[in-house]
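A.B. asks: One rule links them: number in our numbering = place in the sequence shown (from 1) + 508.
Even glycine gets a Cβ: it sits at the ideal position worked out from N, Cα and C.
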Amino acid sequence: MATATKPPIESLLPYLREQIPGCGISDSELNELRRIYPEVSYKDINRVYHEAINKKAMQPISYMVRRLQVLKPTNDPFKLNPQARYNGKIRVEIGTDWDAKNAEIQAKRDAQRQAYDHVHGQGAYDARLKASTADLAEKFRHLDNYLDYK
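Following this line, the structure appears as structure tokens:
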């Protein structure tokens, strides 16, 4: 299905004037529409135009401007998660390569292990890690004694 391209605003304004007879369209409304027009898609303009006609709005251009102002532009700086993309209704997050992140963390740990072992001897880093883990496990086993909880 081919997507319709957005017509230039100068060809759209005469069309709106002839499609909405007897409706006073002020220059300020048209200027507001000109300002908003580059930021919205053809789909949004089409939907809002037909919504204004179906609701029999007294001032359809004013209605369209108000509705289009509410829509978020694609380059909205307040977008909650700029990395989130939507494929239909399914959210797909892009931009994070977790394998690369895990490899970076592992490389950092390996560098720490190598530096510590170089100073304290082979296997000292693993022994220190095992001792601290055993100490924490013992503290968690007897946590109620440390918290004076009976």
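1. How many whole angstroms separate the CB atoms of residue 680 and residue 625, which I take to be in contact at a CB cut-off of 8 Å?
2. Below 7 Å between beta carbons: does that hold for residue 576 and residue 548?
3. Got a sec? Which residues, its chain only, sit under 8 Å from residue 640 by beta carbon, not counting five neighbours each side?
4. Look at residue 560 and residue 550 and say whether their C-beta atoms are less than 7 Å apart.
5. Quick test of your reading: residue 533 and residue 525, contact by CB under 8 Å. State the CB separation rounded to the nearest angstrom.
6. Identify, in the order they occur along the chain, each residue of the same chain with its Cβ nearer than 7 Å to the Cβ of residue 556, setting aside the five sequence neighbours on each side.
7. Over the uninterrupted alpha helix (DSSP H) stretch that includes residue 560, give me the two end residues.
8. Taking the straight line between their C-alpha atoms, what separation do you get for residue 598 and residue 605?
9. Which term fits residue 509, buried or exposed, when burial requires 16 or more other beta carbons within 10 angstroms of its beta carbon?
10. Going by DSSP in three states, residue 568 sits in which element: helix, strand or coil?
11. Considering only residues of the same chain and omitting the five flanking positions on each side of residue 552, which have a CB-CB separation below 6 Å?
12. Pull up the distance between the alpha-carbon of residue 612 and that of residue 651, whole angstroms please.
13. Using three-state DSSP, classify residue 509 as helix, strand or coil.
C.D. replies: Well, looking at it:
1. The structure shown has nothing for residue 680, since the chain only spans 509 to 658.
2. Against the sequence shown, residue 576 aligns to sequence position 68. Against the sequence shown, residue 548 aligns to sequence position 40. In this structure, residue 548 lies closer than 7 Å to residue 576 by Cβ.
3. Start at 1 with the first residue of the sequence shown, and residue 640 comes out as number 132. Hits under 8 Å: none found.
4. To locate residue 560, count along the sequence shown from 1; it is residue 52. To locate residue 550, count along the sequence shown from 1; it is residue 42. No, the pair does not count as a contact, with Cβ atoms beyond the cut-off.
5. The residue you call residue 533 lines up with position 25 of the sequence shown. The residue you call residue 525 lines up with position 17 of the sequence shown. Indeed, because the Cβ distance is near 6 Å, the residues count as touching under 8 Å.
6. Indexing the sequence shown from 1 puts residue 556 at position 48. Closer than 7 Å at Cβ, skipping near neighbours: 572, 575 and 576.
7. Within the sequence shown, residue 560 is the residue found at index 52, counting from 1. Its alpha helix (DSSP H) spans residues 550-562.
8. Against the sequence shown, residue 598 aligns to sequence position 90. Against the sequence shown, residue 605 aligns to sequence position 97. About 19 Å.
9. Position 1 of the sequence shown, counted from the start, is the residue given in the question as residue 509. Its pLDDT being 43, under 50, residue 509 is placed unreliably by the model, and the measurement read from it follows with that caveat. Exposed is the call here.
10. As a first step, residue 568 is located in the sequence shown; it is residue number 60 there, counting from the start. Helix at residue 568.
11. The residue labelled residue 552 in the question sits at position 44 within the sequence shown. Contacts found: 579.
12. The sequence position of residue 612 within the sequence shown is 104, counting from 1. The sequence position of residue 651 within the sequence shown is 143, counting from 1. Going from the Cα of residue 612 to the Cα of residue 651 covers about 34 Å.
13. Taking the first residue of the sequence shown as position 1, residue 509 is located at position 1. At residue 509 the pLDDT is 43, less than 50, meaning the model places this residue with poor confidence; the figure from the coordinates comes in the next sentence. Looking at residue 509 - three-state DSSP - the assignment turns out to be coil, as it is neither helix nor strand.
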